[in-house]
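This report concerns only the one structure given below.
2 protein chains.
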Amino acid sequence: MLTKKELKEYCENARENYLPHISIDCVVFGFHEGLMKVLLLKIKNEGGWYLPGGFLLKPEPIEMAANRILKERTGLDEIFLQQFHVFGDPERSKEHFEMYKDMLPAKENWFTNRFLTIGYYALVDFCDVNPAPDQFSAACNWCDLNDLPELKLDHALILKTALDTLRLQLNYQPIGYNLMPREFTMPELQKLYETILDKKLDRRNFQRRMLGFGILNRLEKPRKGGAHKAPYLYSFDLENYKAALTEGFKGGW
Amino acid sequence: MLTKKELKEYCENARENYLPHISIDCVVFGFHEGLMKVLLLKIKNEGGWYLPGGFLLKPEPIEMAANRILKERTGLDEIFLQQFHVFGDPERSKEHFEMYKDMLPAKENWFTNRFLTIGYYALVDFCDVNPAPDQFSAACNWCDLNDLPELKLDHALILKTALDTLRLQLNYQPIGYNLMPREFTMPELQKLYETILDKKLDRRNFQRRMLGFGILNRLEKPRKGGAHKAPYLYSFDLENYKAALTEGFKGGW
DNA sequence: AATGATAGTGTATTATTGACACAAGAGTAA
DNA sequence: TTACTCTTGTGTCAATAATACACTATCATT
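Top to bottom, those sequences are chains A and B.
The letter at position 11 of the first sequence is residue 12 when you use the working numbering, and the numbering goes up by one with no holes.
The letter at position 61 of the second sequence is residue 62 when you use the working numbering, and the numbering goes up by one with no holes.
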């Protein structure tokens, strides 16, 4: 929560630079130690958490705004980002409205406007990210997908929709390039799929199918150090990977 | 193209009632005599065609706006509508901008604003539709998907994206309920699929697969009148159809 | 050297898809 | 009435993909 003065300044700046009524919210998925993580912000002096989001500069392409917002929160450039839905229930930011409505008259109060929010989801390598809170937030954290805190506004819906879309996408597009480190083992990749889908997959069938897609290169060296048989390392064949991204895996009909 | 007076009135009304910077465009697919059709509007005194679209009332849910807009153009209620993408290139409405910029000063000129447009596609039964032009249009017509006129703005992109999304959707969702008459034959349904996908399918395999989904009821009576063997009539099993819509056809993993 | 945990690989079984051919019904023309 | 033509309905075989499952290899630890 901002002070009245901060709020006023923010609103003036916002009205000057951003398109009104439109926001962007990002669901940033990361993967670490076998768990799906989502990047969340904790609002100052408040219980609830939010998805990282922001507004669209007046002359800015949407995609660029989403990238800019993510760069501010994660430090990352060139993120895999996918627009997946617009959320526009007129009541969706009621909580926001209640919170700010008494601090500034409606005419100059940016936050009491109705906002449509464009949902993007991002897949990022957990290790590359430096979570950074914004001026409204006390914290920016990775949270377990299985153990989420209470989300404000409609952000639980946005998160769920993003996850559903991601799971669907798994059926006809490769993922992983943006979630895994450069070099990884087959069991590690399988763990990613199992985590996203929230179900166990057969080791052997997974490997056969995965290799069948032709988007992996097996490296010469194995991963040493574990107390067990050293697994092979793989990396993505970027050319084939990108081709698969645009063409999709199976034709269906 | 409007007169200056009409434009001014329109803009005043729009600024009062609609959210600025946001529009909705609809790609309305119909199916007739073996051809995919799209509903297009022809602007008065101009060469180009547009997708039917409109704006979002200040307190209106997006979905409801899309339905309202479609009802105005087609007379239809309860249409199958699916949001598929937001188009937000800052330059996307440049043509509009050029066209209207000299007629009213920018401050009161609704049409020189930047607009993000939310794309919806609709599947409708061709026969039920009464195309109705709006106040900007000289005509509202079904156009052949294979023989499209020149589309203004980025509407060709919007249409292509809608079609791609529809084709993808065919792989994991049933369609047809909204495009076919209540009763239809298997060859007719097949023709629909062939038209959407723009490729021939095997008659026997199509039937086997289609029936396998369990969303069709075979009716007792055949379709009489043709000069050949009378085909069976089918109707959709609405309950199973709706279940398939939400659950999807094949699990993939 | 034995142990335990994990990785790599192969195979038999079943389900799904794709290609294909023939029989049946309905009008048409002799 | 009968042969003909066109279209629809159905069955089957082969290829392919998905599933279930078992054994061997390797490394670190003891």
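Glycine included, each C-beta is placed from N, C-alpha and C at the ideal position.
Quantities reported herein were computed from a predicted structural model and do not represent experimental measurements.
From the options, pick the residue whose C-alpha is nearest to that of residue i; which is it?
i	options	result
L149(A)	E17(A), K5(A) and L42(A)	L42(A)
D155(A)	P223(A), S94(A) and K243(A)	S94(A)
E195(B)	L52(B), E184(B) and G177(B)	G177(B)
G89(B)	H22(B), D203(B), R210(B) and R204(B)	H22(B)
P60(B)	L40(A), E92(A) and T75(A)	E92(A)
T118(B)	G55(B), I25(B) and Q170(B)	I25(B)
M211(B)	D199(B), Q191(B), R224(B) and G76(B)	Q191(B)
N206(B)	W254(A), G54(A) and V87(A)	W254(A)
D78(B)	R115(B), G120(B) and L124(B)	L124(B)
E17(B)	G120(B), A245(B), V87(B) and E109(B)	E109(B)
L246(A)	D199(A), Q170(A), A228(A) and L158(A)	Q170(A)
L3(B)	G120(B), F137(B) and E189(B)	F137(B)
Rounded to whole angstroms, what's the CA-CA distance from residue i to residue j? Just pull it up for me.
i	j	result
F1(B)	C141(B)	Look at the range of chain B in this structure, 2 to 254, and you will see that residue 1(B) is not part of it.
L193(A)	R69(A)	27 Å
Q174(B)	L58(B)	31 Å
Q208(A)	E248(B)	27 Å
K201(B)	L180(B)	19 Å
Y19(A)	G215(A)	44 Å
A66(B)	F56(B)	7 Å
G35(A)	D129(B)	53 Å
W111(A)	L158(B)	33 Å
L8(A)	G120(A)	25 Å
R204(B)	R115(A)	51 Å
E189(A)	V87(A)	33 Å
V39(A)	G227(A)	28 Å
H229(B)	D199(A)	53 Å
Once you ignore the five residues that flank residue i on each side, which residues in its own chain have a CB closer than 7 Å to its CB?
i	result
T113(A)	F98, Y101, K102 and A107
Identify, in the order they occur along the chain, each residue of the same chain with its Cβ nearer than 6 Å to the Cβ of residue i, setting aside the five sequence neighbours on each side.
i	result
T166(A)	F85
E184(B)	L234 and S236
G76(B)	N131
K225(A)	A231
G54(A)	S24, I25 and D26
N241(B)	G215 and I216
With a cut-off of 8 Å on the beta carbons, I'd call residue i and residue j a contact; round off their distance for me.
i	j	result
M187(A)	P232(A)	6 Å
I63(B)	L71(B)	In fact, because the Cβ distance is near 13 Å, the residues do not count as touching under 8 Å.
K243(A)	M104(A)	Contact doesn't hold; Cβ gap of about 48 Å is too wide.
E96(B)	D135(B)	That belief does not hold up - the Cβ atoms of E96(B) and D135(B) are roughly 18 Å apart, past 8 Å.
Skipping 5 residues on each side, what residues in its chain have a beta carbon closer than 8 Å to that of residue i?
i	result
A139(A)	K43, I44, K45 and N46
Y122(B)	C27, V28, V29, F30, L82, Q83, F85, A163, T166 and L167
M37(B)	F30, G31, D145, L146, N147, T196 and I197
L152(B)	L41, G49, W50, Y51, L52 and L160
F250(A)	N172, Y173, Q174, P175 and F214
P1(B)	Limits of chain B in this structure are 2 at one end and 254 at the other, which puts residue 1(B) out of reach.
H33(A)	F127, C128 and W143
| said: With three or more C-beta pairs closer than 8 Å as the rule, is the stretch 44 to 54 of chain A touching the stretch 12 to 22 of chain B? | reply: Result no; under three Cβ-Cβ pairs closer than 8 Å.
| query | When the Cβ atoms of the stretch 231 to 246 of chain B are set against those of the stretch 211 to 221 of chain B, are three or more pairs found closer than 8 Å? | reply | yes
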